[in-house]
Amino acid sequence: MLFNQQRTPFDLRFRLGPFPVTVNPLFWLGMALLGQSAFQAGFEIGLLWIACGFISILWHELGHAVTMRHYGSPARIELFAFGGLAIPAYQQPSAVRRLLIAAAGPLAGFLLLGLVWGSDQLIAWADQNPYLGVLYTFLFLINLIWSLFNLLPIWPLDGSHILREGLVLGRERQPDLRTQQVSLGVAGFLGVVGLIVNFGPPDLRRQIFTEWPSWFRWVIPGVMMTIFLFLFAYQSYEMMKQLRRPRIYDEDRLPWERR
Ligand SMILES: [Zn+2]
């Protein structure tokens with residue numbers, strides 16, 4: 001798949017309550033790459049960005065892990081370049097539970113966003129000094145964007161798991177194939193948007209960044225995200241091919257037909 005989950009001597013390992021956590025060294029590199037503009041504003045601002053990304057992504061995975069444990073399965077957390085995973089010891093047999101586990105990550109993100117915003121409304125801590133202001137902005141933006149991004153129905157993001165379990169509950173006969181079709185469509189569409197905006201006519205780019213509402217800047221995929229979207233689309237395409245293939249197991253063949 002996309003992510004490197006191999007053990008390295010540089011892994012950071014610790015326990016967060018009942019959950020073992022492993023942080024791959026590429027996680028820090030990925031966060032630094034995503035925070036290039038923060039580092040341009042100052043080295044300590046860059047480090048603050050990495051700290052906020054670490055807290056937010058760990059918190060997101062903790063949302064999944066706590067829900068898995070609530071439904072009786074131990075879980076561990078892994079952070080690696082550009083993301084993380086909460087891995088249960090057992091898969092849940094119920095689609096409702098699997099749906100709630102998938103939704104718990106983005107929900108945890110929105111909860112942290114609410115805590116950051118709400119506490120500042122109460123005691124105005126973000127105005128106390130410039131670093132706290134930066135901390136507020138980073139925590140707010142990372143949790144908002146990471147939660148919304150993860151809700152996209154693109155495999156393997158949380159949104160695609162929510163979609164798959166929703167299809168199972170709606171008695172769709174091929175939930176896996178439908179999920180990959182939606183994933184291919186959404187990732188492909190957003191990838192093409194990213195391609196046009198980043199590499200298309202310079203006039204269009206200028207127009208978007210000066211005339212369109214400023215929140216478009218956060219929605220339009222950058223160069224790195226565009227590459228990721230095409231990787232996601234390709235992955236879904238490959239999975240669709242596998243799911244379409246008629247399943248003939250070796251045990252179903254006559255002995256001389258077996259490979
Ligand atoms: Zn998640």
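Number 120 in UniProt numbering belongs to position 120 of the sequence shown; there are no gaps in the numbering. Note that CB positions come from ideal geometry on N, CA and C, so glycine has one too.
Bridge partner(s) assigned by DSSP for residue i
i	result
Gly84	Leu79
Val116	Paired residues: none, contrary to the question.
Which of helix, strand or coil DSSP assigns to residue i
i	result
Phe14	strand
Thr67	helix
Leu2	Residue placement at Leu2 cannot be trusted, given a pLDDT of 44 that sits under 50; what the coordinates show is reported in the next sentence. Looking at Leu2 - three-state DSSP - the assignment turns out to be coil, as it is neither helix nor strand.
Thr137	helix
Pro93	coil
Pro20	strand
Ala124	coil
Pro130	helix
Gly72	coil
Arg245	coil
Gly105	helix
Ala41	coil
Arg7	coil
Ile220	coil
Gly30	helix
Gly53	helix
Gly46	helix
Residue i versus the options, residue with shortest Cα-Cα distance
i	options	result
Leu48	Arg69, Leu115, Ile142, Arg244	Ile142
Asp11	Trp28, Gln40, Gly17	Trp28
Val120	Leu177, Thr67, Gly133	Per the sequence shown, residue 120 should be read as Asp rather than Val. For Asp120, the nearest C-alpha among the options comes from Gly133.
Thr179	Glu238, Arg206, Trp218	Glu238
Ala233	Val96, Val182, Gly72	Val182
Ala89	Leu231, Ala104, Leu100, Tyr71	Tyr71
Leu190	Val219, Leu163, Arg206, Trp215	Val219
Phe230	Leu243, Ile162, Val186, Arg206	Val186
Met225	Ile123, Leu163, Ile145	Ile145
Gly222	Gly118, Leu195, Leu99	Leu195
Leu58	Gln91, Gly84, Gln40	Gly84
Lys240	Ala108, Thr22, Leu184	The sequence shown places Met at residue 240, not Lys. Selected option, being the one with the closest Cα: Leu184.
Arg244	Val192, Leu177, Arg217, Ser214	Leu177
Arg13	Ile123, Val23, Val116, Val96	Val23
Just list the alpha helix (DSSP H) runs in the segment 149-217, keeping only unbroken ones of 4 residues or longer that don't cross its boundaries, in chain order. 158-169, 175-199, 202-210
Any chance the segment 136-154 sits against the segment 40-57, with 3 or more Cβ pairs inside 8 Å? yes
Would you call the segment 207-223 and the segment 171-180 in contact, with 3 or more CB pairs under 8 Å? no
Between the segment 150-158 and the segment 110-130, do at least 3 Cβ pairs fall closer than 8 Å? no
Give a yes or no on contact between the segment 17-37 and the segment 73-83, applying the rule of three or more CB pairs nearer than 8 Å. yes
Given 8 Å, three or more beta-carbon pairs between the segment 158-172 and the segment 194-209: no
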